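Enquirer: The sequence shown begins at 6 in our numbering and counts up one residue at a time. Beta carbons are placed, not taken as given, at the ideal position from N, Cα and C, and that holds for glycine. Owing to the predicted nature of the structure, the values given are computational and were not obtained by experimental measurement.
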Amino acid sequence: MRLRCFFRAFPIFFLIAVPWVFAEKVRHVVDGDTLVLEDNQRVRLIGIDTPEVDHPRYNKVGEPFGSEARAFLASRVENKEVRLVAGKEAFDKYGRRLAYVYAGDECLNETLLREGLAEAIRYLPYEQKEAYIALEKSARDSGRGMWGSEMSRPEARAQVPAGRWGENVVLLISGAGIAFVFMVLQRRR
Numbered sequence: 006m007r008l009r010c011f012f013r014a015f016p017i018f019f020l021i022a023v024p025w026v027f028a029e030k031v032r033h034v035v036d037g038d039t040l041v042l043e044d045n046q047r048v049r050l051i052g053i054d055t056p057e058v059d060h061p062r063y064n065k066v067g068e069p070f071g072s073e074a075r076a077f078l079a080s081r082v083e084n085k086e087v088r089l090v091a092g093k094e095a096f097d098k099y100g101r102r103l104a105y106v107y108a109g110d111e112c113l114n115e116t117l118l119r120e121g122l123a124e125a126i127r128y129l130p131y132e133q134k135e136a137y138i139a140l141e142k143s144a145r146d147s148g149r150g151m152w153g154s155e156m157s158r159p160e161a162r163a164q165v166p167a168g169r170w171g172e173n174v175v176l177l178i179s180g181a182g183i184a185f186v187f188m189v190l191q192r193r194r
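1. Leaving out five residues before and five after C112 in sequence, what residues of the same chain have Cβ atoms less than 7 Å from its Cβ?
2. Output the distance between the C-alpha atoms of E43 and W152, rounded to the nearest integer angstrom.
3. Between which two residues does the alpha helix (DSSP H) harbouring F77 extend?
4. I'd like the list of long-range same chain contacts for R9, defined as Cβ closer than 8 Å, with 5 residues on each side in sequence excluded.
5. Between E68 and F27, what straight-line distance do the alpha-carbon atoms span, to the nearest angstrom?
6. Would you call the CB atoms of G92 and L78 closer than 8 Å?
7. Please classify G150: is it buried, with 16 or more other beta-carbons within 10 angstroms of its beta-carbon, or exposed?
8. Measuring only between beta-carbons, confirm whether F70 sits less than 8 Å from chain B.
9. From the DSSP output, which residues share a beta bridge with K65?
10. Run through DSSP, which three-state label would I126 get?
11. What whole-angstrom Cβ distance do V34 and E83 have, given they're in contact under 8 Å?
12. If I measure Cβ to Cβ from E115 and keep anything under 7 Å in the same chain, skipping five residues before and after, which residues do I get?
13. Cβ atoms of I51 and L117: under 8 Å apart, would you say?
14. Check the DSSP bridge columns for R88 and list the partner residues they point to.
15. I believe T55 touches R101 by the beta-carbon criterion, under 8 Å. Please report the beta-carbon distance rounded to the nearest angstrom.
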């Protein structure tokens, strides 16, 4: 009796443990890491972040390599069928489906990293995190895509010493073209 109950329940446990996989046609590519399916469902590629594209509707200017990442993804998937494989999380905080996206046997999440058109996400957990960080490092070391850009090189960083307190203003520009300004205060002796 116990054995029979186990075998009746086993298929349910098996289905819960297996990630969903399905094929769907892509209607539109929003940017390098987001696409819209035929049924209007938005899909966010797991584990990667690409530079932002222009959003005139929101009065936002795109980042360097944003349009290149979008065009690259669109050339592979727009108006074509893709295979979507789920990770541990099904949706992000914006309601987009999270997936590893395949065109044939090519994982586009990985290809965007390999081509230097995306950064590996480090602040969220996902199955391929270490592999994706390694792919990004390889692209950086090879100077591919945005990592070959003037914006990502150390020369793009500026230190401007000034003032009695030894203020340093440090401008860092990421490979995605995002500028960060830091002020470092040190008391001079």
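Expert: On the basis of the supplied data:
1. Closer than 7 Å at the Cβ level, and outside the excluded window around C112, lie Y105.
2. Rounded to the nearest angstrom, the two C-alpha atoms are 33 Å apart.
3. For F77, the enclosing alpha helix (DSSP H) starts and ends at G71 to V82.
4. In this prediction, R9 scores a pLDDT of 48, lower than 50, which makes its location untrustworthy; no coordinate-derived value is stated.
5. Between E68 and F27, the C-alpha separation is close to 32 Å.
6. The answer is no: Cβ separation not under 8 Å.
7. Residue burial is scored here from C-beta neighbours: G150 has at least 16 other C-beta atoms within 10 angstroms and is therefore classed as buried.
8. Structure shown: chain B not included; a single protein chain is present.
9. Residue pairing from DSSP places K65 in a beta bridge opposite H60.
10. Coil.
11. Sure, about 5 Å apart at Cβ, within 8 Å.
12. Sequence-distant partners of E115 (beyond 5 residues in either direction) whose C-beta falls short of 7 Å from its own C-beta, in its chain, are L140.
13. Result no, Cβ atoms of L117 and I51 do not sit closer than 8 Å.
14. Paired residue(s): A28 and Y107.
15. Going by Cβ atoms, the distance from T55 to R101 rounds to 14 Å, so no, they are not a contact pair.
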